[in-house]
Amino acid sequence: MVKENDKCIVILLGTAQDAGIPQVGCSCANCSRAIMDNKYNRCAASLGILNPHSGNGYLIDATPDFKEQMILLKEIKHKYLSTSTRPPIGRGRYDLGLKGIFLTHAHMGHYTGLLQLGKEGCSAESMPIYLTRSMKKFLAGNQPFKDLIRSHHVIPQTITPGKPCLTEKNLAITPIMVQHRHEYSDCVGFLLAGPNKRLLYVPDMDVLTRTILDLIPKVDIAILDGTFYSGEELPPHRNFEDTPHPTILKSIRELSPYSKRTRIHFTHFNHTNPVLDPDSDPAKYVKSLGFGLVPERWTFRL
Ligand SMILES: [Zn+2]
Ligand SMILES: [Zn+2]
Ligand SMILES: [Zn+2]
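Residue numbers (our numbering): 19 to 320.
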């Protein structure tokens with residue numbers, strides 16, 4: 019029997035599509051609500067992990083909101099692990115409280131926060147970044163990320179989908195291949211195994227592949243791409259084929275056989291998504307069918 023305090027802590031540090039909410043220049047109902055009342059603001063999708071046993075903290079995706087998300091992760095770490103010694107990062111002044119960053123893919127909301135680790139930012143020393151060979155090639159071949167690697171602010175650790183890339187007491191992390199445009203890099207999600215529960219985290223995808231569908235009944239919690247509620251959200255000048263995602267309505271139909279065994283939640287909401295209004299009929303409908311809509315800063319143990 020694992021003690022409650024030994025279970026890993028997971029925190030959703032952001033739950034919006036890459037551009038966050040409100041989106042720049044937008045005055046749609048969701049963005050206007052967030053501009054008027056910042057409790058409706060959402061950061062770009064990111065997940066923090068704290069292992070009480072090792073005291074280590076990890077991050078999945080370095081978003082444009084990295085700075086705020088690091089402050090939040092530190093607050094959570096202090097709240098839950100205040101007796102732990104914090105891992106030193108860099109010399110003296112800087113302590114991100116992070117032992118590594120896992121990257122899903124090369125779209126704006128998922129990696130550009132790495133720039134905060136460079137010389138204009140906290141000038142991190144040798145922060146491990148876990149990424150696929152294709153993602154590593156993209157970062158190593160393009161400035162300013164190329165310099166982050168050359169100056170050893172970050173140290174790439176190549177990961178292979180299907181093979182565990184981090185194993186420590188009470189925590190294992192395994193990348194899972196995801197089909198998602200593959201414009202600049204390929205894309206992965208992550209399977210996290212704590213001492214008590216398993217979580218599948220796939221914030222961005224084009225389609226629910228067989229690999230993902232086969233994993234869902236084997237995990238306790240699945241947090242999946244909920245970018246769009248339906249296909250009617252994009253304005254006329256944007257093409258749904260250019261930004262394919264399984265809509266929440268389609269995913270609910272496909273995932274209903276699994277929803278009793280596994281708690282399935284959606285994240286990575288686009289600013290157009292009606293479920294962002296908790297009182298909307300779409301939000302109530304999703305919840306009435308037993309699915310969840312991830313709130314900002316949702317924290318639970320694995
Ligand atoms: Zn994204
Ligand atoms: Zn908007
Ligand atoms: Zn993406």
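A virtual CB, placed ideally from N, CA and C, is assigned to each residue, including glycine.
**OP:** Verify whether the separation of the beta carbon atoms of I53 and H289 is less than 9 angstroms.
**Re:** no
**OP:** Can you have a look at P313 and say buried or exposed, based on whether 16 or more other CB atoms are within 10 angstroms of its CB?
**Re:** exposed
Original post:
Nearest to A325 by CA position, among G43, Y303, V172, is which residue?
Top reply: Past the edges of the chain, shown from 19 to 320, lies residue 325, and the structure says nothing about it.
Subject >> First through last residue of the alpha helix (DSSP H) which encompasses D243 >> reply: Unbroken run through D243 is the beta strand (DSSP E), 239-243; no alpha helix (DSSP H).
Original post:
Under 9 angstroms between C-beta atoms, does I94 make it to chain B?
Top reply: Absence of chain B from the displayed structure is noted, only one protein chain being present.
Original post:
Residues bridged to S203 by DSSP?
Top reply: DSSP, once it has assigned bridges, lists no residue as partnering S203.
Original post:
By a C-beta neighbour count over all protein chains shown, 10 Å radius and 16 as the cutoff for buried, is I27 buried or exposed?
Top reply: buried
Subject >> Distance between A142 and H123 (C-alpha atoms, nearest Å) >> reply: 21 angstroms
Original post:
Assuming P146 and G118 make a contact with CB atoms under 8 angstroms, what is their CB distance in whole Å?
Top reply: 4 angstroms
Original post:
Is the stretch 217-228 in contact with the stretch 190-200, if contact means three or more CB pairs nearer than 8 angstroms?
Top reply: yes
Original post:
Given a threshold of 16 other Cβ atoms within 10 Å of its Cβ, counted over all protein chains shown, does R60 qualify as buried or as exposed?
Top reply: buried
Original post:
Any heavy atom of ligand 2 closer than 8 angstroms to the Cβ of S269?
Top reply: no
Subject >> Strand pairing of L77, partner residues [DSSP] >> reply: G66, I119
**OP:** Taking all protein chains shown into account, decide if H125 is buried (16 or more other Cβ within 10 angstroms of its Cβ) or exposed.
**Re:** buried
Original post:
Which parts of the stretch 132-203 are runs of the beta strand (DSSP E), unbroken and 3 residues or longer, counting only runs that do not cross its ends?
Top reply: 145-150, 172-177, 184-186, 189-196
Subject >> Cut-off 6 angstroms between Cβ atoms - residues of its own chain near G180, not counting five sequence neighbours on either side >> reply: none
Original post:
What residues in its chain sit with their C-beta under 7 angstroms from that of N23, if we drop five residues either side in the sequence?
Top reply: P70
Original post:
Would I230 be called buried (16 or more neighbouring beta carbons within 10 Å of its own) or exposed?
Top reply: buried
**OP:** Could you name the residues of the same chain whose beta carbon sits closer than 8 angstroms to that of Y303, not counting the 5 residues immediately before and after it, in chain order?
**Re:** none
Original post:
What did DSSP end up calling T290 once you bin it into helix, strand or coil?
Top reply: coil
Original post:
Roughly how many angstroms separate the alpha carbons of P238 and A211, rounded to a whole number?
Top reply: First, the residue type needs correcting, since residue 238 is Asp and not Pro in the sequence shown. Approximately 10 angstroms, taken between the alpha carbons.
Subject >> Residues with C-beta closer than 6 angstroms to any heavy atom of ligand 1, in chain order >> reply: Q35, D36, H125, G127, H128, D222, H286
Original post:
Taking the Cβ atom as the reference point for each residue, do T285 and A63 lie within a distance shorter than 9 angstroms?
Top reply: yes
Subject >> Residues sharing a beta bridge with T317, DSSP >> reply: I29
Subject >> Pairwise C-alpha distance: G115 and P106 >> reply: For P106, the pLDDT reaches just 49, beneath the cut-off of 50, and the residue's location in the model is therefore unreliable, although a value from the coordinates is still provided. Spanning the two alpha carbons is a distance of roughly 7 angstroms.
Original post:
If we ignore side chains and look at the alpha-carbon of each, how far apart do S298 and P292 end up?
Top reply: 7 angstroms
Original post:
Per DSSP, what kind of secondary structure is L311 in: helix, strand or coil?
Top reply: strand
Subject >> Member of S152, K164, P296 whose CA lies at the smallest distance from the CA of L133 >> reply: K164
Original post:
Does the beta-carbon of T265 have 16 or more other beta-carbons within 10 angstroms, so that it is buried, or is it exposed?
Top reply: buried
Original post:
Tell me, which residues are paired with R51 by DSSP?
Top reply: According to DSSP, which records beta bridges pairwise, R51 is partnered with nothing at all.
Original post:
Taking all protein chains shown into account, do 16 or more other C-beta atoms lie within 10 angstroms of the C-beta of A158, making it buried, or fewer, making it exposed?
Top reply: exposed
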